[in-house]
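Reading through the structure tokens given below for one structure.
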Amino acid sequence: MTEVRNELVAKRYAAERRFRFYGAAALTLTALFLAVLLIDVINKGLPAFHEHSVDIEVKVDAADIDPSNLPGGNYDKLVKEAFRAEFPSVTDRTGKKALTALLSTGGADRLREMVIADPAIIGKQVTVPVLLSADADLFLKSMSSDVTSVEGKATLHIARLEGDEGYVLTGDSTGEEAEKQLGIAPGELVRFAGGALRVTGVQNGYLKAEVVFAPDPAITALSPGQWSVLSFAIPESSRRISDQQALWLEQLKQDGRIENSFAWRFFESGDSREPELAGIRGALVGSLLTVAVAILLALPLGIAAAVYLEQFAPKNHWTDLIEVNINNLAAVPSIIFGLLGLAVFLNFFGLPRSAPVVGGLVLALLVLPTIIIASRAALKAVPPSITEAALGVGASKQQAVFQHVLPLALPGIMTGTILGLARAFGETAPLLMIGMVAFIADIPQGFTSAATVLPVQVFLWSDLPELAFRAKTAAAIMVLLVVLFALNAVAIYLRKRFERRW
Amino acid sequence: MFLWTVLLIVLMAGIAYVAGRARASGMVAAGGARLHSLPSYHGLFVAAGAMIGGLALAILAAFVFGAQSFMTPVAAVAGGAIGAAPLYSRSSLDFRARNAFERVVLVVLIACSGVAVLTTVGIVFSVLFETLIFFRAVSPIEFLFGTHWSPNGTPASFGFVPLLAGTLLITVIALVVAGPLGLLSAIYMAEYASPRLRSVLKPVLEILAGIPTVVLGFFAALTVAPLVRFSGESLGLAVASESALAAGLVMGMMIVPLISSLSDDIINAVPQALRDGSYAMGATKSETIKKVVLPAALPGIVSAFMLAISRAIGETMIVVMAAGLAANLTANPFAAVTTITVQIATLLVGDQEFDSPKTLSAFALGFVLFFFTLVLNYIALRIVQKYREQYD
Amino acid sequence: MNAPTAPFQTYITPPHPRALSNGKFKITASGVDVHYGEKHAIKNLSIDIPDRAVSAFIGPSGCGKSTFLRAINRMNDTIPGCRVTGDIEVDKHDIYDPKIDVVQLRAKVGMVFQKPNPFPKSIYENVAYGPRIHGLAKDKTELDQIVEQSLRKAGLWEEVKDRLAQPGTGLSGGQQQRLCIARAIAVNPEVILMDEPCSALDPIATAKIEELIDELRQNYCIVIVTHSMQQAARVSQLTAFFHLGTLVEYGDTDEMFTAPQEKRTQDYITGRFG
Chain A
0 MTEVRNELVA KRYAAERRFR FYGAAALTLT ALFLAVLLID VINKGLPAFH EHSVDIEVKV
60 DAADIDPSNL PGGNYDKLVK EAFRAEFPSV TDRTGKKALT ALLSTGGADR LREMVIADPA
120 IIGKQVTVPV LLSADADLFL KSMSSDVTSV EGKATLHIAR LEGDEGYVLT GDSTGEEAEK
180 QLGIAPGELV RFAGGALRVT GVQNGYLKAE VVFAPDPAIT ALSPGQWSVL SFAIPESSRR
240 ISDQQALWLE QLKQDGRIEN SFAWRFFESG DSREPELAGI RGALVGSLLT VAVAILLALP
300 LGIAAAVYLE QFAPKNHWTD LIEVNINNLA AVPSIIFGLL GLAVFLNFFG LPRSAPVVGG
360 LVLALLVLPT IIIASRAALK AVPPSITEAA LGVGASKQQA VFQHVLPLAL PGIMTGTILG
420 LARAFGETAP LLMIGMVAFI ADIPQGFTSA ATVLPVQVFL WSDLPELAFR AKTAAAIMVL
480 LVVLFALNAV AIYLRKRFER RW
Chain B
0 MFLWTVLLIV LMAGIAYVAG RARASGMVAA GGARLHSLPS YHGLFVAAGA MIGGLALAIL
60 AAFVFGAQSF MTPVAAVAGG AIGAAPLYSR SSLDFRARNA FERVVLVVLI ACSGVAVLTT
120 VGIVFSVLFE TLIFFRAVSP IEFLFGTHWS PNGTPASFGF VPLLAGTLLI TVIALVVAGP
180 LGLLSAIYMA EYASPRLRSV LKPVLEILAG IPTVVLGFFA ALTVAPLVRF SGESLGLAVA
240 SESALAAGLV MGMMIVPLIS SLSDDIINAV PQALRDGSYA MGATKSETIK KVVLPAALPG
300 IVSAFMLAIS RAIGETMIVV MAAGLAANLT ANPFAAVTTI TVQIATLLVG DQEFDSPKTL
360 SAFALGFVLF FFTLVLNYIA LRIVQKYREQ YD
Chain C
0 MNAPTAPFQT YITPPHPRAL SNGKFKITAS GVDVHYGEKH AIKNLSIDIP DRAVSAFIGP
60 SGCGKSTFLR AINRMNDTIP GCRVTGDIEV DKHDIYDPKI DVVQLRAKVG MVFQKPNPFP
120 KSIYENVAYG PRIHGLAKDK TELDQIVEQS LRKAGLWEEV KDRLAQPGTG LSGGQQQRLC
180 IARAIAVNPE VILMDEPCSA LDPIATAKIE ELIDELRQNY CIVIVTHSMQ QAARVSQLTA
240 FFHLGTLVEY GDTDEMFTAP QEKRTQDYIT GRFG
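Residue numbers (numbering that gives the first Met the number 0), protein chains in the order written: chain A, 0 to 501; chain B, 0 to 391; chain C, 0 to 273.
Listed below in structure tokens is the structure:
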């Protein structure tokens, strides 16, 4: 009998466990990658779904608006002036510029809409929510720098130095280590009612500070709780928002003037150079037009080809060639289809660049093999007995196929088509070749107007340096993935619902 | 105009159908005898004539007068009438309208299945044509064996070797990641996972397979690349910000579902009898997998890997976004390299001049890429076919 | 078909079958039930199978004979949803005891399948597979010896000794099946289970396999499932008749075929149903 060799058996079982572990580890790693990818995208993209605006009281001055040309009014000036008027202490040019830089260049759009909707408000005082610029928005979302605000715990003495030397700060016990007493480090901001100072350095136990907002000269001492320390993780020089601007925003926030709302704009507007104004409407419409063309072409062609190859084709060299061709095309890199589109549709046929119709043509050829292969599989799954039954009562082969086999195969064909649709919806590379990569701010009006598509929009935005566009990119990806998951869910539902075991 | 043309052709076909059917029905009512074919087939036959005639003339008119001309819809109507009239008059009691119509349908079906062939022909010609023009300016020897690539330099040089090296480097990294992960995943799913676990794991892989590559490119460029760079630097390595490693890693993850789903199918196709034979000898599961199932599935797995390589070579967005533009000839995974697809994309995005070697070189690269992937796909599909025959 | 009206339970193990004279009971089963999900495939089955003899399981399709055969080396473990209860002992060891190692059990209880299933490897590798995984050979020479002996015992050596490196799948059906028997013998089993080993073979190949089974009986306890009553009569010393998941009758083959105790056995043997 087989001698029992326990140590060998133990080894073999250890190998078994190891192998099993490797398999589980591989799957875990893959799932982990997917999870990290999705979480990363959501984490980056969520902030783009809300935006900040500031409520400004604007006197709609009739002088700036021509009643016969309401859209052409100088709303920008009205809004900016109203905003500046709220900070009377800001008088210098750079200060004013920094102040208006907080508002988006499209900030006055809302006022224009209001006036056009109701010209009666001309000459009156209205409250307008004005969109903040991307930099201000990012600061309020705590994305440009971590900001910590600490309540002052000791009494703070402020003394103004002669000339333009700035200020010195000390605690109660003068002389020694004001830093420790007050808990302030150089670079941080000291904020109190009526002023703000930036600490520049330590000198003889004092803290030297410079003006950010000039304080009331009457203030010489502040008790605990009357002042606070603001510190930024990133120094001012490498921030897109200055200390001054940050303090204005903080103040507006404390006054309850900042409004945080869902960014419908993201779905309602086209592309823009300004991150806070950019939206995906144009790309989404472009995608719909392009994919519509692709599917309207590929579906009938694909089903017809599949029906022929599966039901009518004789077995000869010509059908062999078609088969090999289809299988090969399914694995040809998508960028090659872009070259085809460029050389044939644009250069040879002279179709317009950047047009959804050309994108649709290219994508139709791209997903055609997928649809043919899926349709053939669905047709093949219908048992021959169905055809035989139809033929048996005197139907022609075509009647049998089109009246019996095809309807039964349709759910399978639809599943394959939806998966093809999903592929077309997410495809980028071939569309770059045919010029759908241009900057297009307008919403495309038809199949031949210049357009871009959602994945290309993702590509375009991902290339931009602004941090705000990164959030927009991730948000666009979220929309893209939601659409794709929905399509896949429909496909899975169809498969489950109509699954039939013959 | 386009919409009008289409609508008019459909309208003409509709009229033809009604007319054809009415005529056939009328003959039955008058003569009392039986038609060979149903009246609706007579209608369909005439409608097919209208449609083909209308389409043909409309396309002709579009070429002659331009697509936006009002002549196109006019031609569509005229063509429809010309196509329908003779067929309408042919209608008679013993006319085999169904057979005639079915012949038309069959021709249409054949034409549709020919589109795939036409696509391939179109691809070959579009890249071949421009490539030949390119080779008038740059010799094929210089292109294929040159080790310096700078299409924007003065003088421009078109040595393809660094691109090939970069493509292969990233492909190798991707395969090193995806090979073991994909294969082990497939084995676990096919041999170990319970049906319930399978029903959870399969969608995970399907979701990963369905994620657009532009998304993976974004992730590679903004998350993986900095991570690779950071961990490389903390180990004291010099890592380029657009390292081949980052692009390769993410591309590997992209390929995992491809390899695992193909291998899963192939492993499942290995007959249970072989497994039973091995178990009956007292082999453990892993011994059976390693010594019986995998060797039996080897041809299929090899072809899965070949398809994966072809996919990696042709992948564009991940490398465009995460790999560099500098054509370095290096095997260092931490350095920046560029690939064939990156160059095609950068050369053809933006302004194109079809008389400069710079633009044309993209087509030459496309030709090489098409050739490579075609050969890989063809061999892989052949192997799979042979393998299927073996166990069917 | 005259199926029983009530669940029928038979416990017929001949106390002194003639075949037992040259051995002892190798496999003893009592009160075995096998379920596939909802299906009750084997009902309260008990049987004792002697060593160094060929026992044949006969019965109509779906009677549970193959299921019981697969229960003896726990091949049913690979089928999801299959449950085995009751006692099956090989050499007085309960093989469903959690402490029993399936891998070692199967090395001891080999199996040959209905369709020849050589691995897609060389003839040599097919036979060497078992000894390799179980670590039976110290070196290559010893492995060569095992392979040669096994192929000789399976009566295949003379036919294949010059082409050991060629794939096993290239042999004829009968040769493939003998290769599978050689493969099973190579791990030194004590019991060989054969699940309709000749059903895929032509008569000449079948004759060779039957001859081989008869020789192997000197050293092994052999259990063979067969559809052919002639085959059972030719190769076996004991025959068990299964019907609807129960063992109807079990006894010396010649007695079974000449004077069955049960009416159902007689009906089946004379071809009234099955």
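Cβ coordinates follow ideal geometry from the N, Cα and C atoms, glycine included.
Item                                                                                                                                                                                 : Value
Note down, in chain order, every chain C residue with its Cβ under 7 angstroms from the Cβ of B:Tyr278.                                                                              : Met74, Thr77, Arg105
From the DSSP output, which residues share a beta bridge with C:Met193?                                                                                                              : C:Val111, C:Ile223
So with Cβ pairs under 9 angstroms, would you call B:Phe128 a contact of chain A?                                                                                                    : yes
Determine whether the Cβ of C:Asp251 lies closer than 9 angstroms to any Cβ atom of chain A.                                                                                         : no
If you pair each beta-carbon of the segment 174 to 191 of chain C with each one of the segment 118 to 130 of chain C, do three or more pairs fall below 8 angstroms?                 : yes
At a cut of 8 angstroms, does the segment 401 to 418 of chain A reach the segment 439 to 451 of chain A through at least three beta carbon pairs?                                    : no
Could one say the Cβ of B:Asp275 lies closer than 9 angstroms to chain C's Cβ atoms, at least one of them?                                                                           : yes
Taking the alpha carbon of B:Thr130 as the reference point, which residue from A:Phe438, A:Ala342, A:Arg352, A:Val356 has its own alpha carbon closest?                              : A:Ala342
Give the single residue among B:Ser24, B:Val73, B:Phe64 whose Cα lies nearest to the Cα of B:Gly52.                                                                                  : B:Val73
Would you say A:Ser333 reaches chain B, if we count a Cβ-Cβ gap shorter than 9 angstroms as a contact?                                                                               : yes
Using 8 angstroms as the Cβ pair cut-off and three pairs as the minimum, do the segment 397 to 404 of chain A and the segment 369 to 385 of chain A touch?                           : yes
Within 9 angstroms (strictly less), CB to CB, does C:Asp100 reach chain A?                                                                                                           : yes
How is the beta strand (DSSP E) around A:Pro128 delimited, first residue to last?                                                                                                    : 124 to 130
Could you please tell me which residues of the segment 128 to 141 of chain C, in chain order, have their CB closer than 8 angstroms to any CB of chain A?                            : Ile132, His133, Gly134, Leu135
Does DSSP put A:Trp263 in a helix, a strand or coil?                                                                                                                                 : coil
To the nearest angstrom, report how far apart C:Asn125 and C:Glu214 are at their CA atoms.                                                                                           : 22 angstroms
Closest to A:Ala470 by CA distance: which of A:Asp91, A:Lys140, A:Ala25, A:Val78 is it?                                                                                              : A:Lys140
Against chain C, does B:Val268 count as a neighbour if the rule is that its beta carbon must be under 9 angstroms from one of theirs?                                                : Here the sequence assigns Ala to residue 268 of chain B, which means Val is not the residue at that position. It does not; no Cβ of chain C falls within 9 angstroms.
Measuring alpha carbon to alpha carbon, tell me which of A:Trp317, A:Gly170, A:Phe191, A:Thr199 ends up nearest A:Gly182.                                                            : A:Gly170
Answer with buried or exposed for A:Lys58, where buried requires no fewer than 16 other C-beta atoms within 10 angstroms of its C-beta.                                              : exposed
For C:Lys38, name the three-state secondary structure that DSSP assigns.                                                                                                             : strand
Grouping DSSP H, G and I as helix and E and B as strand, with all else coil, what is A:Gln202?                                                                                       : strand
What is the DSSP secondary structure of A:His156, reduced to helix, strand or coil?                                                                                                  : strand
For A:Asn68, count the other beta carbons within 10 Å of its own beta carbon; 16 or more makes it buried, fewer makes it exposed. Which is it?                                       : exposed
Output, in chain order, the set of chain B residues within a Cβ distance shorter than 8 angstroms of C:Arg182.                                                                       : Gly276, Met280
Could you name the residues of chain C that A:Leu7 contacts, counting a contact when the two beta carbons are closer than 8 angstroms?                                               : His133, Gly134
In three-state terms, what does DSSP make of C:Ile78?                                                                                                                                : coil
Please decide whether A:Lys314 counts as near chain B, where near means a Cβ-Cβ distance under 9 angstroms.                                                                          : no
Suppose contacts are defined by Cβ-Cβ distances below 9 angstroms. Is C:Val53 in contact with B:Gly281 by that definition?                                                           : no
Taking Cβ-Cβ distances below 7 angstroms as the criterion, which residues of the segment 86 to 109 of chain B are in contact with chain A?                                           : Arg97, Glu101, Val104, Leu105, Val107, Leu108, Ile109
If we cut at 9 angstroms on Cβ distances, does C:Val83 have a partner in chain B?                                                                                                    : no
Nearest-angstrom Cα distance between C:Asp266 and C:Phe240?                                                                                                                          : 11 angstroms
Identify each residue in the segment 377 to 405 of chain A for which the Cβ-Cβ distance to at least one residue of chain B is less than 7 angstroms, and report them in chain order. : Ser395, Gln397
Could you compute how far the alpha carbon of A:Arg422 sits from the alpha carbon of B:Val27?                                                                                        : 52 angstroms
Contact criterion: CB-CB distance below 9 angstroms. Does B:Glu286 meet it with respect to chain C?                                                                                  : yes
Where in the segment 292 to 367 of chain A do unbroken runs of the alpha helix (DSSP H), each at least 4 residues long, occur, reported from the N-terminal end onward?              : 316 to 329, 333 to 339
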